[in-house]
Structure formats: structure tokens, C-alpha cells
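In order, the protein sequences belong to chains A, B, C and D.
Position 217 of the first sequence, counting from 1, maps to 217 under the UniProt record's numbering, and the rest follow consecutively.
Position 143 of the second sequence, counting from 1, maps to 143 under the UniProt record's numbering, and the rest follow consecutively.
Position 60 of the third sequence, counting from 1, maps to 60 under the UniProt record's numbering, and the rest follow consecutively.
Position 89 of the fourth sequence, counting from 1, maps to 89 under the UniProt record's numbering, and the rest follow consecutively.
These notes concern the structure reproduced below.
Number of protein chains: 4
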Amino acid sequence: MNKAILLIQCPDQKGIVAEVSKFLYSYNGNILEIDQHVDEELSLFFMRAAWELDSFSLKKEEISQRFELEVGAKFNMEFKLHFNFPKPRMAIFVSKLSHCLFDILGRHHAGQLEVDIPLVISNHQNLQSVVEAFGIPFYHIPVTAATKVEAETKQLELLRENEVDFVVLARYMQIISADFIKNYPNRIINIHHSFLPAFVGAKPYHAAYERGVKIIGATAHYVTEELDAGPIIEQEVARVRHHNTISDLVQIGQDVEKVTLSKAIKYHLDRKVLAFKNKTVIFY
Amino acid sequence: MNKAILLIQCPDQKGIVAEVSKFLYSYNGNILEIDQHVDEELSLFFMRAAWELDSFSLKKEEISQRFELEVGAKFNMEFKLHFNFPKPRMAIFVSKLSHCLFDILGRHHAGQLEVDIPLVISNHQNLQSVVEAFGIPFYHIPVTAATKVEAETKQLELLRENEVDFVVLARYMQIISADFIKNYPNRIINIHHSFLPAFVGAKPYHAAYERGVKIIGATAHYVTEELDAGPIIEQEVARVRHHNTISDLVQIGQDVEKVTLSKAIKYHLDRKVLAFKNKTVIFY
Amino acid sequence: MNKAILLIQCPDQKGIVAEVSKFLYSYNGNILEIDQHVDEELSLFFMRAAWELDSFSLKKEEISQRFELEVGAKFNMEFKLHFNFPKPRMAIFVSKLSHCLFDILGRHHAGQLEVDIPLVISNHQNLQSVVEAFGIPFYHIPVTAATKVEAETKQLELLRENEVDFVVLARYMQIISADFIKNYPNRIINIHHSFLPAFVGAKPYHAAYERGVKIIGATAHYVTEELDAGPIIEQEVARVRHHNTISDLVQIGQDVEKVTLSKAIKYHLDRKVLAFKNKTVIFY
Amino acid sequence: MNKAILLIQCPDQKGIVAEVSKFLYSYNGNILEIDQHVDEELSLFFMRAAWELDSFSLKKEEISQRFELEVGAKFNMEFKLHFNFPKPRMAIFVSKLSHCLFDILGRHHAGQLEVDIPLVISNHQNLQSVVEAFGIPFYHIPVTAATKVEAETKQLELLRENEVDFVVLARYMQIISADFIKNYPNRIINIHHSFLPAFVGAKPYHAAYERGVKIIGATAHYVTEELDAGPIIEQEVARVRHHNTISDLVQIGQDVEKVTLSKAIKYHLDRKVLAFKNKTVIFY
Numbered sequence: 001m002n003k004a005i006l007l008i009q010c011p012d013q014k015g016i017v018a019e020v021s022k023f024l025y026s027y028n029g030n031i032l033e034i035d036q037h038v039d040e041e042l043s044l045f046f047m048r049a050a051w052e053l054d055s056f057s058l059k060k061e062e063i064s065q066r067f068e069l070e071v072g073a074k075f076n077m078e079f080k081l082h083f084n085f086p087k088p089r090m091a092i093f094v095s096k097l098s099h100c101l102f103d104i105l106g107r108h109h110a111g112q113l114e115v116d117i118p119l120v121i122s123n124h125q126n127l128q129s130v131v132e133a134f135g136i137p138f139y140h141i142p143v144t145a146a147t148k149v150e151a152e153t154k155q156l157e158l159l160r161e162n163e164v165d166f167v168v169l170a171r172y173m174q175i176i177s178a179d180f181i182k183n184y185p186n187r188i189i190n191i192h193h194s195f196l197p198a199f200v201g202a203k204p205y206h207a208a209y210e211r212g213v214k215i216i217g218a219t220a221h222y223v224t225e226e227l228d229a230g231p232i233i234e235q236e237v238a239r240v241r242h243h244n245t246i247s248d249l250v251q252i253g254q255d256v257e258k259v260t261l262s263k264a265i266k267y268h269l270d271r272k273v274l275a276f277k278n279k280t281v282i283f284y
Numbered sequence: 001m002n003k004a005i006l007l008i009q010c011p012d013q014k015g016i017v018a019e020v021s022k023f024l025y026s027y028n029g030n031i032l033e034i035d036q037h038v039d040e041e042l043s044l045f046f047m048r049a050a051w052e053l054d055s056f057s058l059k060k061e062e063i064s065q066r067f068e069l070e071v072g073a074k075f076n077m078e079f080k081l082h083f084n085f086p087k088p089r090m091a092i093f094v095s096k097l098s099h100c101l102f103d104i105l106g107r108h109h110a111g112q113l114e115v116d117i118p119l120v121i122s123n124h125q126n127l128q129s130v131v132e133a134f135g136i137p138f139y140h141i142p143v144t145a146a147t148k149v150e151a152e153t154k155q156l157e158l159l160r161e162n163e164v165d166f167v168v169l170a171r172y173m174q175i176i177s178a179d180f181i182k183n184y185p186n187r188i189i190n191i192h193h194s195f196l197p198a199f200v201g202a203k204p205y206h207a208a209y210e211r212g213v214k215i216i217g218a219t220a221h222y223v224t225e226e227l228d229a230g231p232i233i234e235q236e237v238a239r240v241r242h243h244n245t246i247s248d249l250v251q252i253g254q255d256v257e258k259v260t261l262s263k264a265i266k267y268h269l270d271r272k273v274l275a276f277k278n279k280t281v282i283f284y
Numbered sequence: 001m002n003k004a005i006l007l008i009q010c011p012d013q014k015g016i017v018a019e020v021s022k023f024l025y026s027y028n029g030n031i032l033e034i035d036q037h038v039d040e041e042l043s044l045f046f047m048r049a050a051w052e053l054d055s056f057s058l059k060k061e062e063i064s065q066r067f068e069l070e071v072g073a074k075f076n077m078e079f080k081l082h083f084n085f086p087k088p089r090m091a092i093f094v095s096k097l098s099h100c101l102f103d104i105l106g107r108h109h110a111g112q113l114e115v116d117i118p119l120v121i122s123n124h125q126n127l128q129s130v131v132e133a134f135g136i137p138f139y140h141i142p143v144t145a146a147t148k149v150e151a152e153t154k155q156l157e158l159l160r161e162n163e164v165d166f167v168v169l170a171r172y173m174q175i176i177s178a179d180f181i182k183n184y185p186n187r188i189i190n191i192h193h194s195f196l197p198a199f200v201g202a203k204p205y206h207a208a209y210e211r212g213v214k215i216i217g218a219t220a221h222y223v224t225e226e227l228d229a230g231p232i233i234e235q236e237v238a239r240v241r242h243h244n245t246i247s248d249l250v251q252i253g254q255d256v257e258k259v260t261l262s263k264a265i266k267y268h269l270d271r272k273v274l275a276f277k278n279k280t281v282i283f284y
Numbered sequence: 001m002n003k004a005i006l007l008i009q010c011p012d013q014k015g016i017v018a019e020v021s022k023f024l025y026s027y028n029g030n031i032l033e034i035d036q037h038v039d040e041e042l043s044l045f046f047m048r049a050a051w052e053l054d055s056f057s058l059k060k061e062e063i064s065q066r067f068e069l070e071v072g073a074k075f076n077m078e079f080k081l082h083f084n085f086p087k088p089r090m091a092i093f094v095s096k097l098s099h100c101l102f103d104i105l106g107r108h109h110a111g112q113l114e115v116d117i118p119l120v121i122s123n124h125q126n127l128q129s130v131v132e133a134f135g136i137p138f139y140h141i142p143v144t145a146a147t148k149v150e151a152e153t154k155q156l157e158l159l160r161e162n163e164v165d166f167v168v169l170a171r172y173m174q175i176i177s178a179d180f181i182k183n184y185p186n187r188i189i190n191i192h193h194s195f196l197p198a199f200v201g202a203k204p205y206h207a208a209y210e211r212g213v214k215i216i217g218a219t220a221h222y223v224t225e226e227l228d229a230g231p232i233i234e235q236e237v238a239r240v241r242h243h244n245t246i247s248d249l250v251q252i253g254q255d256v257e258k259v260t261l262s263k264a265i266k267y268h269l270d271r272k273v274l275a276f277k278n279k280t281v282i283f284y
């Protein structure tokens, strides 16, 4: 089914739901899902509406302009219009660890992710053969302190050539520069291997072990300039015990990481995420 | 804040959200929450809308009739209008086990439950003193096979006298008759001490122990004529291990039961539950 | 590190732990892990002891006999002695669904599973190319009502030729015959896509949807003659909501299935599972 | 059943389990539970053994000395011997919030906690009547910056008079002085209303809301001089969503707090906790 999805943010006011739903109804739209949220503290209104496109009497190309004229301008809305076709294009960045990458490739192969994956980029070569077995081009771009700028330039070129919509860092162990991030605001998803804000930075499983926590976790978030501080999309946890070594924590944690990252990708693909400040509204 | 809450069920059609939100807007209603769900299989539409009453230009008494005229009739809606005042009145039925009862009384005492509790009815006497310490009248109505009809008659009288809106069975170990249930359709909440539909009937912890399950659970549901088969409102689980005895399962389970039941009461009080067939839509 | 692992079952008596630990100490064994459990109901004693083999003064081949003489006979023990080398050999049976298979192959590729996988057997061909990309032989053995006996004969031959120790049914959608099972008692691990004993048999997600449960689950168990009734090794659950379709339940459930199955395989490989009657003791 | 429980810490060496179990067996002890753990990093050995006292051929009073002579001295052990009688004596400190207090009193009333509660101490008066309805003496000791030393002196006097073994801070909103803590090392259990080490200090739910986390938690830990940094006994979490206000987080969190604290009390009472450095070994 062809769907349109509208994501809206604006100052909270009366009548927004009425006007948006009237707009959709007036052009014969069959609403599939409608969700709204008001952040009372900030007096901000958020909304997501999805409707069937086939019976809609506006052309795909006209919708944005008409909506701005008839509804958006009146409420001072920021809005984005998405369609569930063509499929979005996702690049995966990975280093040596395979668990998140394989989980994504497995889901994609099983037809669970409505996304095209035109390429995988890695600063190592060890995962090349499996990626290619899934029929996906693999680019090896080594990164050192000296070559970082150059490497990012190459990466950005590849993303542009491949018309990539968003990037997933599937345990990519390099810090992304502010310049790179600016190209994909709230469109780079990272998996951090701890329950943020506990244990920011490197080696969070070691830190968790030292602190003797009874639960570990993982956090999927949009990448922003401040390290590990971007809007959180999803978090999951798992129980650990005193007899678990650091190596156990790593393995238990990897299961949490891959499930958390895949959920975040799914929410992003379904256009269920609205980011503002360092938070997200997730209409699942 | 004074709120009105509308719960709607009807055949799925285009334009429902538009018409409902237009109605609210036209009388100056400030929508606080709006949720909708379509059961594709049954082509049924469900909706919940909550709005501020103080600025609304219809009187409390007029709303139902106007809504029926302007919206409900057009879409063949079944709807219920609720207000968050006066507080609903809840009766608690309990036998000998105290954990669910105390959990509810504790929350009520802490001001977490927007409900009045005019009475507790029990077929035993052991909990009388604590109930009364919380300032709530306690009625002891013993039940035997011989006196069951008479006991239920007394119970119903007490419920009517106390203008009770709904009943919570907080581990009340008696089967409620079909005649009694008819008086409170989808308004009797029971906690069953297993993860339904596993282990229906009596002694579910014994059955779970025998089967060697690794997870146990509890189920809060509306009571219907068929035992343990009513619409499920909430379920929770807890992990158990081989070294847990039946008595451990009972204790671990009681924590799950009390949290599950209290969540179900909260959803019911917040008018977030729509029951249909043997299922529920819960707009939390 | 080379390890020996002893799994013991016997009638409960005094002095068992003392005798077993004395035996290990007397031959200079460094105990790494020791766990015991008493089933009070059945007066059965269970124990698992793991120790370093390198400094142990008995030869690998002598241990069983000596233990029987010095300890086992005295307490009427059933015991099994395992070593963590050479690696056990595991066969995977799969049908069309890939999620459990890929999860296992991904872990194996990442070096997380101390096991050899000499072959994958399927009644379908769609997963052949990816299995082979992981360097593992793939055998296509179609099964129909008419060819079932013949197919199982072929399967058993392959298992014997490949010296397989145990079999994992990674969503293999065929019922295994009693004759087949007898060859691998408590050595065939199945993943059932529900929280057993709820929803035995086929189409459990459909049944869960119909019943309107709020939590779904998966169960890894040893296969016995009675369908879905074998000893449970591990169970996991996930929360679902009213808006989840059957297809959502399937996807959410698949994440639970793969994690549950992989945990069960890990427990089995680590020799942490003792099965008795239709239950398990898991020393994790 | 009368039980003895031995908790042991010592440098890791060969033969400890053998010697301890031989000791118990030589005096006709029936071992009920035995658990051991080796911290590889620190080369520390931890053990817990529980056995039936009635058939044991040493007198209760002799055990410690004999064990030191025959086993402890040889391995340089620190050990503690406990009995499950008479019941330990627990004091509860509370401020205004009732949820943890009621949860403990409810369990105690239901016979689930093998403990005597000789008194509740609070810096406020609002919970006096319910505490007294449970038949427990209530002491109101206000605390201000000026009276803090004096207040703690009074508290310590009451604890001594009542022969209190350990103290539970059931959301007691005052910082305990180092001098006070020295009287009850690893015998003061606090519930912190966040998933430590995230959100130390005051107002953790506000901080969690600001950060936009998707999961909140609670941490029960022994109190040490460094605030919120003592050995963690238990942690639990709950999922939250964007629509949850700070007040929702508080309510959802309170359920987590009370369950977490009660679990920690249970582990402590069952002598299942061994604390070392800022960590715990929990033999559950």
C-alpha cells in the first residue's frame, strides 16, 4: 500500500488536530495512523499522520505546498512529508565487530527492513566477504589520525554517489567529525554499548564491571557534536551477575546492542521519530 | 484540571478523526490526548479523546446529546463520555491474601489513585484491622456452596448502596456467578496468578512448577462468564529458576500480581481501556 | 584452558559435596565452578563441577572409572564427564525462515560459540547460498508425508558420518519421529515460537493475537516424543500492544526466538543443563 | 528448620571447597545450599554454605571456633557465621514518601520477611498512624542542619536500645554521616531512585526526564561514605515513553524502587550477600 506520512512540530495551539484531519479528509485521505504529543514544559506540539495515498485526490507533488498554504502557515509548523516509496537508502559503517552488521543484514535478507542498502563502509577488511555474500558492495576506507579528513571526504563522496538518506554506525569505532554530522542532521544513528548516560566514552563494559552494576544496557541515538549526548531513540537492558566476567558482559551486551539498534532503525524507517533538543518523540 | 474523555467504537470509515476533532474544536475544546486504532480484521474503529472541560463551550450535561446528533449518529458510533470528576467509586473484594489489597491501599493513601474506595468485602476476617486502619469500611460476608446466592445478593446490595462503579477482585478466591457479572459488564477486574492462557484454573503456581517453566506471570482481566477467559488488560512476568520452590514461585508471583493489578486499575481509572470481544485496546 | 566438567544426578544423601570435592582435590584439581541443587520433592541431588585439567594428576581417560570407583558407586550416581575439547559438533536443521539460523551463524563467525558446525540440513533451498558463504556444507533433503521415513534415514546417516553430537532445530517446521529422537535423547534442541505451555502446536502467533495477550514469548526445549512438552531450557518474552498485527507479532517474536535459542545452545555447550523428567536444572 | 549459614572470603587457593565440605560432613551436617565464586581479577574466593543445624553434632556456640581451627586459619579466611534464629532486627528510616515503607510492612504482615521490626524512625510525622496500625513503634526525630548531630545521636541510641542489626533507608531523604555509617558497615541499605551510576544525587527523575531516557531504574545499595557509590545489591528498571511527565516517572519509578528495595532486604536477610570493595557477590 502506498502511504504518505506527515511529521509536524509547532507551538501548541487549539485546533491543530482538527485542521490537519480536515485537510486530509477534504482530499479524500483515509487516515491509517494518527498520533500527537504535547510537551507541556516547552509548549510544543508534535504530530504524526499516515494515510493511504492511492485514493488521495492531491498528487504526491502537490501535497507539501497545499498543506503549507492551508494548514502549516496558520500554525507556524515545521513539517516533513515522507512516502513509503521509493525505499530510503541506508549506508552502514562498521569496524571489526560483526554482531550488529549481521543482525541488520539478516533482517534485510528476510525482507523485514523496507530499505535499500547500497553500501557498507569499514575501516577494516575482516567483514568484507560476508557482506559481499549478501550482495552488498563493501568499501574499505582505513582511518588514522593523519588520514581522517581525507577518509571522511571519501566517505561523503560515496554517500552522495549512492544517494544515501541516512547512516547507521553499527559499532563503528571512530568519532565522526562535526563537519560530517552537518551533512546528515538527525540522520546518523549510533549504537552506544551502555545504558546512557551511565558510562559514556570508551570501554563502558569495563566501567560497568568495575562499578558492579546488576544490569547493563545499550543506547541507540542520533549522533550530534557532543559525544554520546544525542537524542536517544531506544534503550534496552539485560541482567548480569557477579560471576559474569568482562568478556561475558561484552557478549551479553552485544545481544542487547543488536536488538536495540535494529529497533531504532525500524522506528526511523517507519518515520516514527521526531527529534527536538536532545530528546525524541517516538510514535510506536 | 477538569477533563472530559470520550471513548468511541464504530465501523471503520473515512473522516471520523476529522469530524470528532472538528466537533471538539467548534466548541472551543483544547484536546489533551487523542488516540485511535483500527482493527483491520474486524474493520472496527476505536478512539479516545480527552480535552479540557473548563474552556469548553458546551455544558457537561449537553455534550453527549450534541455529540450523538452532530457526529455519533452519522458514523453509527457506540460511545461513552466520562469526566475526571467526581472520582469513580471502587469496591475491593479480597480473601485471605493481603499483597494486592495492601498495594492498592498504599497507593490510594499516597494519593496516586484518583478513586474513592467506599468499602472492602471479604469472605474472611483476617484483613479487617488493617483495612480499617486505612479508614475504609470492611464487610465480612462468608461464602459457602450453600450460602453463595445469598452472599452475592448481600454483596450486590452493598455495591448499590455505596454507588460503586466498578469492582476489583484482589485475589478473591471465589467464582463470581454469571448473574453477578451482568451487573458490572467489563467493570469487574480480576487478577489471575498466571500468564494466561497458560495455567488457567486453580493452583497455577503448582502447575508452573510441575511444567518447569523459566518465567511466571500474572494477568489482569475483565471478568466474563467463561472462567479466566475475559479481555486481558495487563500482563507482567518474572524470571524463576530451578532452585525456586513452589513457595518461592508464590512469593515472586505475588510481586508480579500486585503490580499488574494496580496497572490495570490505573488504565481503567484513566479511561484508557476499550473492551471488545475478548480483547482490549489500551491507549497508554 | 583445558577443563573437565562433571554432571551428576543421584538420590539425595549427606556427604556428596564433601566426597566429590575431596576426590577432585586429592588429584590436585583446581575447582573452577561448583553448583548443586536438591529437588526436595523427588529427593534428587544434582551437581555440576568444573575444574582445570592441566594440573590434574589423573589422565583424561582414567577419570571416569576412578570417579565411579571412589565416589559414584557409593552414592548410586548417574554421571557424565565432559571436556571442553575437542569442540562438540552441532547440526542445524532449518526450513525457510532464516532469523535463528543467521543468528547462530553470526555468533559462530564472531567466535562466540565453542562448537563445530559440520552441516546444515534443510527441507528447502532458499538459505543455501548464505549458509555456504559462511563456509558450511548445506544439504537439501525435501520432506513429504510419503518420503518422511526415507528423509529421516538420510538425515541420520549424515549426522553419523559427520559425528554430530547434538542437533538444533532452528525453526525446522517438520515433526521429528520418535525413532529419530531416540538417537539423540536430550540432544535435540527446538525453538517453539510461544511461551509454552501457552499456545502449543502450529500458528501460536495467530492464537496469541486471537486471545489478545499483552506479552508473547519463545521457548527453547529438548525434543521428546510428546509435541512441545519436552524439558524447557530457556524462555524469553516481549511486550506487544493492541496495534500490533499478527505480522508484527511474528517479527517481534522472531527477535525473542533467536535470542532464546542461542542462549539454550550456549547453556548446552557449556554443559550447564541437567534434564530430568520434563524439567531442567540450569547451572548458569 | 534451624539453619546455619557460613559466609567466607579468602585468597583463592586449591582445596577450599573440599575442606569446608569435609568439615561440615565430619560433624554430620546436611548441606542445603553451597555456592562459590572466584574473582579472577583479584584472586579472591567467596563461598556460602547453609546446612541443617538440628542434626549437626557441634553445638551452635562451638562452630565458629572449631571452624577457625580446622579450616579458617589454614586458608586465611574471613568468615561470618549466621543462624536463621533468632530473627534479625531491622530498623526502617523513612521521610514522607510511603511506598517503600508500606511495601515492607505489607510483606512483613504477610509473613514473608523473617525479620523483627522493632521501630520506624522518621524526620516527619505523616506516616505515624499507619505504622502504628501495623503495631510497630514510630519515632519522630526531626532533622535540620543545626540539629543533625544531635538527631543522629538519638537515632543511634534507639538502634542500640532496640538491638538493631541493620537499617533500611526506605526513601529517607537525609544524608547519613560517616560517623553513623561506621556503626553499621555494610548494614545500612539504601534505595536510590535511579539506575546508578546514571543520575547520582538529588532529583534523578528530573535528570532522567531532561536527558530523554527510555528506561528508568532504581538501585539498592549498602551505604558508604561516598554518596551513591556503595556496593550495589540489586537494580531494576522500567520502560518510559515520551509522553510520560516527570510526575509519571516518579510514579513508575516508585514501583521499581519498592520491589528493588524489598529484594535487597530479602537477599540481606537470607545472608546471600558478600560485599567487597564497592561490589557485591549475591548467591541467589
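A virtual CB, placed ideally from N, CA and C, is assigned to each residue, including glycine.
Pairwise C-alpha distance: residue j and residue i
i	j	result
valine 94(B)	asparagine 190(B)	11 Å
alanine 133(A)	alanine 264(C)	28 Å
histidine 108(C)	leucine 97(A)	13 Å
tyrosine 284(D)	lysine 272(D)	6 Å
leucine 101(A)	phenylalanine 83(B)	51 Å
asparagine 28(B)	glutamate 70(A)	20 Å
glutamine 254(C)	leucine 196(B)	21 Å
leucine 113(B)	isoleucine 104(B)	8 Å
lysine 22(C)	serine 21(D)	9 Å
glutamine 65(A)	lysine 59(A)	11 Å
Where the alpha helix (DSSP H) through residue i begins and ends
i	result
isoleucine 8(B)	Unbroken run through isoleucine 8(B) is the beta strand (DSSP E), 3-11; no alpha helix (DSSP H).
threonine 153(D)	148-161
isoleucine 16(A)	16-26
Unbroken beta strand (DSSP E) run spanning residue i, endpoints
i	result
threonine 219(C)	215-222
glutamine 254(A)	Where glutamine 254(A) is concerned, there is no enclosing beta strand (DSSP E), although the alpha helix (DSSP H) it sits in stretches over 246-269.
isoleucine 31(D)	31-39
Within chain B, the residues that residue i reaches when beta carbons sit closer than 8 Å
i	result
valine 259(D)	Asp255, Val259
Listed by chain order, chain A residues near residue i by CB distance under 7 Å
i	result
glycine 212(D)	Pro231, Ile232, Asn278, Lys279, Thr280
Per-residue contacts from residue i into chain A (C-beta, under 9 Å)
i	result
phenylalanine 195(D)	Phe195, Ala198, Val213, Ile215, Gly217, Val237
glutamine 9(B)	Neighbours of glutamine 9(B) on chain A: none; closest Cβ ~17 Å, over 9 Å.
Under 9 Å from the C-beta of residue i: neighbouring residues of chain C
i	result
histidine 99(A)	Gly106, Arg107, Ala110, Gln112
Best match in the options for proximity to residue i [C-alpha to C-alpha]
i	options	result
phenylalanine 276(D)	Lys277(A), Glu210(A), Ser262(A)	Glu210(A)
lysine 87(D)	Pro118(D), Asn76(D), Leu156(D)	Pro118(D)
Chain-ordered chain C contacts of residue i [CB-CB under 8 Å]
i	result
glutamine 251(A)	Gln112
Item to check | Stretch-stretch touch, CB-based, cutoff 8 Å, three pairs: the stretch 43-51 of chain D with the stretch 40-51 of chain C | outcome: no
Checklist entry - Three or more beta-carbon pairs under 8 Å between the stretch 172-187 of chain D and the stretch 220-232 of chain D, yes or no? => result yes
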